[in-house]
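Novice: Pasting a structure here, questions to come.
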């Protein structure tokens with residue numbers, strides 16, 4: 007059965023907050039990376055293996071909308087799923103919520119491009135494409 | 007005369023690149039922050055002063071499109087201007103190019119929201135609004 | 007029974023490695039922060055609570071020795087314990103090993119200073135001191 | 007004439023401070039990297055060129071002592087010099103001061119190890135050694 011979405015949890019560390027006491031906006035992008043890495047692992051192939059096959063999936067577009075701030079020592083749930091897939095690109099979507107209250111914090115999307123190790127666009131190999139099944143936005 | 011745009015230069019440090027030898031995608035967001043901070047300084051008010059007046063300008067939306075990668079030790083020109091302004095928000099736009107070759111690397115936009123120190127939306131004060139004149143996209 | 011040490015696990019993310027494919031040296035300091043935060047939580051008081059009591063524990067000295075590099079997607083075990091404690095300071099020690107092979111990666115120490123919210127040195131409160139029992143270096 | 011020391015200036019960005027409003031302690035390590043990179047450039051060889059010759063200089067030991075905090079938007083002078091050099095390692099020392107007041111903020115040292123691209127210890131090549139003249143601690 008294809009994966010519909012995965013969840014990871016991030017605990018906000020002191021290094022991630024700014025003087026407003028909330029997570030600095032660019033740091034959420036790292037949690038998105040952690041989440042899509044776990045997505046691939048749970049789908050059946052690690053990103054490390056994908057690179058060893060001769061491919062990169064690089065971020066071509068990033069969008070983040072900040073609804074509410076996460077604060078120091080909060081636990082944040084990062085939900086990640088595949089929104090769209092084509093022969094040379096895949097779009098991951100993300101919804102970050104407070105792991106205790108469920109309040110929506112951030113919604114985000116990354117469009118990933120398939121490149122070979124010379125950084126040229128290339129088709130996602132079939133065995134990887136098979137793991138990347140688009141799913142409806144989860145609840 | 008209102009400011010049409012400002013330029014800052016960032017030199018790519020080893021801490022900013024990943025194993026592909028290129029800048030990790032989220033780090034460009036820090037350079038955007040440096041750029042809009044310098045925009046305000048050159049327009050006539052530092053962000054530190056703006057906070058001391060009781061205001062925050064926080065990122066409500068971030069979009070980045072990655073055209074070409076910046077590599078270790080490259081110098082990157084970050085051009086920043088105001089694209090749009092309203093009573094409670096301002097949109098900064100950015101274009102990052104290789105400082106030597108002029109090649110386009112990243113285009114980006116941040117929509118900033120005006121908040122008071124209780125994190126409630128509030129009008130941008132008139133003396134700040136006066137500094138934030140929208141400009142056509144520069145060459 | 008006082009805590010002798012705690013263990014946390016960090017998975018190396020793409021954002022943490024440099025073009026040698028190994029963790030950039032300063033990022034280990036963040037894992038040390040995560041580890042001593044978990045130490046306090048397991049000892050019985052979160053660092054957030056300690057700040058709410060009016061105290062900061064800030065890093066006065068940091069030393070790190072790099073034995074072997076951690077690589078992308080590796081899992082790293084961070085062992086943390088209290089090496090020494092006095093009325094106004096506490097020294098945490100750390101040993102980072104590959105979570106699978108046990109190979110030593112980094113040894114580190116942070117001397118933390120107790121400050122009040124005006125950043126003046128101050129005695130660690132007794133209820134916190136009671137949680138910070140020095141332990142012999144663990145195996 | 008051999009280089010005795012170099013100075014670089016870092017302006018504290020919002021991304022570098024924590025909720026105490028001061029620079030998060032690990033971020034100074036990045037400024038040390040910027041400083042020694044500029045040292046090499048001014049001495050006559052970029053670190054990029056050194057890597058292209060088949061060498062890495064990696065951090066084997068890092069020590070930082072935090073005297074006073076740098077705050078948001080402050081300018082920090084990073085002074086860097088070679089304290090000691092041997093056939094397979096070089097020690098850089100650093101003193102960070104407030105660029106306006108001259109107040110000492112951080113003193114630091116990094117012992118760098120010469121490795122080949124298989125990560126084995128190797129002699130620093132003579133043309134690089136010639137650039138790395140130890141100097142007395144500058145004023």
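Chains as they are written, first to last, in the numbering used here: chain C, 7 to 145; chain V, 7 to 145; chain P, 7 to 145; chain D, 7 to 145. Just so you know, even glycine gets a beta-carbon here, dropped at the ideal spot from N, CA and C.
(1) Do you know offhand how far residue 18 of chain D's Cα is from residue 139 of chain V's?
(2) Three or more C-beta pairs closer than 8 angstroms, one from the stretch 32–39 of chain C and one from the stretch 85–100 of chain D: is that the case here?
(3) Which one or two residues does DSSP pair with residue 127 of chain C in a beta bridge?
(4) Identify whether residue 35 of chain C lies in helix, strand or coil by the three-state DSSP scheme.
(5) Tell me which residues of the stretch 10–27 of chain D have at least one Cβ-Cβ distance to chain C shorter than 7 angstroms, keeping chain order.
(6) Is it the case that the CB of residue 53 of chain C approaches a heavy atom of the ligand ADP more closely than 8 angstroms?
(7) What is the residue span of the beta strand (DSSP E) that residue 72 of chain C lies within?
(8) Excluding sequence positions up to five away, which residues of its chain have a Cβ less than 6 angstroms from the Cβ of residue 76 of chain P?
(9) Assuming the contact rule is C-beta atoms closer than 8 angstroms, residue 63 of chain V and residue 118 of chain V should be a hit. Round their C-beta distance to whole Å, please.
(10) Taking C-beta pairs closer than 7 angstroms, name the residues in chain D that residue 116 of chain V reaches, listed in chain order.
(11) How would you list, in chain order, the residues of chain C whose beta-carbon sits under 8 angstroms from the beta-carbon of residue 78 of chain P?
(12) Could you have a look at residue 3 of chain V and say whether DSSP puts it in helix, strand or coil?
(13) For chain V, find out if any of its Cβ atoms is closer than 9 angstroms to the Cβ of residue 107 of chain C; answer yes or no.
(14) Would you decide whether residue 80 of chain V is buried or exposed? Buried here means 16 or more other CB atoms lie within 10 Å of its CB.
(15) Using beta carbons (cut-off 9 angstroms, strictly below), is residue 35 of chain C in contact with chain P?
(16) Taking 9 angstroms as the threshold (beta carbon to beta carbon), is residue 39 of chain C in contact with chain P?
(17) Which residues, in order along the stretch 43–76 of chain D, keep a beta-carbon less than 7 angstroms from a beta-carbon of chain P?
(18) Within the continuous alpha helix (DSSP H) that includes residue 54 of chain V, where are the two ends?
(19) At a Cβ threshold of 9 angstroms, is residue 125 of chain V touching chain C?
(20) Closer than 9 angstroms, CB to CB, is residue 100 of chain P near chain V or not?
(21) Let's see if you can read the secondary structure: which residues bound the beta strand (DSSP E) around residue 102 of chain D?
(22) Thinking just about the alpha-carbon of each residue, which of P/68, P/15, P/9 is nearest to the one in residue 116 of chain D?
(23) Would residue 113 of chain V pass as an interface residue toward chain P - the criterion being a Cβ-Cβ separation below 9 angstroms?
(24) For a test of the three-state rule: what should DSSP assign to residue 111 of chain D, helix, strand or coil?
(25) Can you name the residues of chain V whose CB is closer than 8 angstroms to the CB of residue 120 of chain P?
(26) Tell me the residue span of the alpha helix (DSSP H) that contains residue 84 of chain C.
(27) Taking only three categories from DSSP, how would you classify residue 10 of chain C?
(28) For a contact defined as C-beta to C-beta under 9 angstroms, what are the partners of residue 93 of chain V on chain C?
(29) When you compare only the Cα positions, how much space is there between residue 48 of chain V and residue 9 of chain V?
(30) Between the alpha carbons of residue 148 of chain D and residue 70 of chain D, how many angstroms are there, rounded?
(31) Measuring only the C-alpha atoms, how far is residue 74 of chain C from residue 113 of chain C?
Specialist: Straight from the coordinates:
(1) Here residue 18 of chain D refers to the residue found at position 12 when the fourth chain is read from its first residue. Here residue 139 of chain V refers to the residue found at position 133 when the second chain is read from its first residue. Cα to Cα, residue 18 of chain D sits roughly 26 angstroms from residue 139 of chain V.
(2) no
(3) As a first step, residue 127 of chain C is located in the first chain; it is residue number 121 there, counting from the start. Its beta-bridge partners are C/121.
(4) For the purposes of this step, residue 35 of chain C is identified with residue 29 of the first chain, where counting begins at 1. Looking at residue 35 of chain C - three-state DSSP - the assignment turns out to be helix.
(5) 20, 21, 23, 24, 25, 27
(6) What this structure holds is no ligand at all, so the ligand ADP is not there to describe.
(7) Working through the first chain from its first residue, we reach residue 72 of chain C at position 66. Unbroken beta strand (DSSP E) run through residue 72 of chain C: 61–72.
(8) Working through the third chain from its first residue, we reach residue 76 of chain P at position 70. These residues qualify, in order along the chain: 18, 29, 82, 111.
(9) If you number the second chain from 1, residue 63 of chain V lands on position 57. If you number the second chain from 1, residue 118 of chain V lands on position 112. With 8 angstroms as the limit, residue 63 of chain V and residue 118 of chain V qualify as a contact, their Cβ atoms being about 4 angstroms apart.
(10) Translated into the one-based positions of the second chain, residue 116 of chain V becomes position 110. The premise fails here: residue 116 of chain V is roughly 12 angstroms from chain D at the closest Cβ pair, so nothing lies under 7 angstroms.
(11) On the third chain, residue 78 of chain P is found 72 positions in, with the first residue counted as 1. Those are 54, listed as they occur along chain C.
(12) This structure does not reach residue 3 of chain V, given that chain V is present from 7 up to 145, and the question cannot be answered.
(13) Numbered from its first residue, the first chain carries residue 107 of chain C at position 101. For residue 107 of chain C, the answer is no, since every Cβ of chain V falls outside 9 angstroms of its Cβ.
(14) Stepping through the second chain from its first residue, residue 80 of chain V is reached at position 74. Looking at its Cβ environment, which holds 16 or more other Cβ atoms inside 10 Å, residue 80 of chain V is buried.
(15) For this step, residue 35 of chain C is matched to residue 29 along the first chain. Taking Cβ atoms only, chain P reaches closer than 9 angstroms to residue 35 of chain C, which makes this a yes.
(16) As a working note, residue 39 of chain C is residue 33 in the first chain. Interface residue, yes.
(17) 62, 65, 66, 67, 68, 69, 70, 71, 72
(18) As a position in the second chain, residue 54 of chain V is number 48, starting the count at 1. Looking at the DSSP string, the run of the alpha helix (DSSP H) that includes residue 54 of chain V is 53–58.
(19) Here residue 125 of chain V is taken as the residue at index 119 of the second chain, counted from 1. Taking Cβ atoms only, chain C reaches closer than 9 angstroms to residue 125 of chain V, which makes this a yes.
(20) Here the question's residue 100 of chain P lines up with position 94 in the third chain. No, residue 100 of chain P does not count as interfacial toward chain V.
(21) Numbered from 1 along the fourth chain, position 96 holds the residue referred to as residue 102 of chain D. Start and end: 95–104.
(22) Residue mapping note: residue 116 of chain D aligns to position 110 of the fourth chain, counting from 1. Measuring from the Cα of residue 116 of chain D, the nearest candidate turns out to be P/68.
(23) Reading the second chain from its first residue, position 107 is the one you call residue 113 of chain V. Not closer than 9 angstroms to any Cβ of chain P, the Cβ of residue 113 of chain V fails to qualify, so no.
(24) As a first step, residue 111 of chain D must be located in the fourth chain, where it is residue number 105. Looking at residue 111 of chain D - three-state DSSP - the assignment turns out to be strand.
(25) Counting from one through the third chain, the residue named residue 120 of chain P turns up at place 114. Near residue 120 of chain P there are no residues of chain V at all, since even the closest Cβ is about 28 angstroms away, more than 8 angstroms.
(26) The count along the first chain starts at 1 and reaches residue 84 of chain C at position 78. Careful: residue 84 of chain C lies outside any alpha helix (DSSP H), inside the beta strand (DSSP E) at 81–91.
(27) Translated into positions along the first chain, residue 10 of chain C becomes position 4. In the structure shown, residue 10 of chain C sits in coil (DSSP, three-state: anything other than H, G, I, E or B).
(28) The residue labelled residue 93 of chain V in the question sits at position 87 within the second chain. The contacting residues do not exist; residue 93 of chain V stays about 20 angstroms from chain C at best.
(29) As a first step, residue 48 of chain V must be located in the second chain, where it is residue number 42. As a first step, residue 9 of chain V must be located in the second chain, where it is residue number 3. Approximately 8 angstroms between the Cα atoms of the pair.
(30) Any answer about residue 148 of chain D is impossible in this case: the structure gives chain D only from 7 up to 145.
(31) On the first chain, position 68 is the one that residue 74 of chain C refers to. On the first chain, position 107 is the one that residue 113 of chain C refers to. If you take the alpha carbons of residue 74 of chain C and residue 113 of chain C, they lie about 10 angstroms apart.
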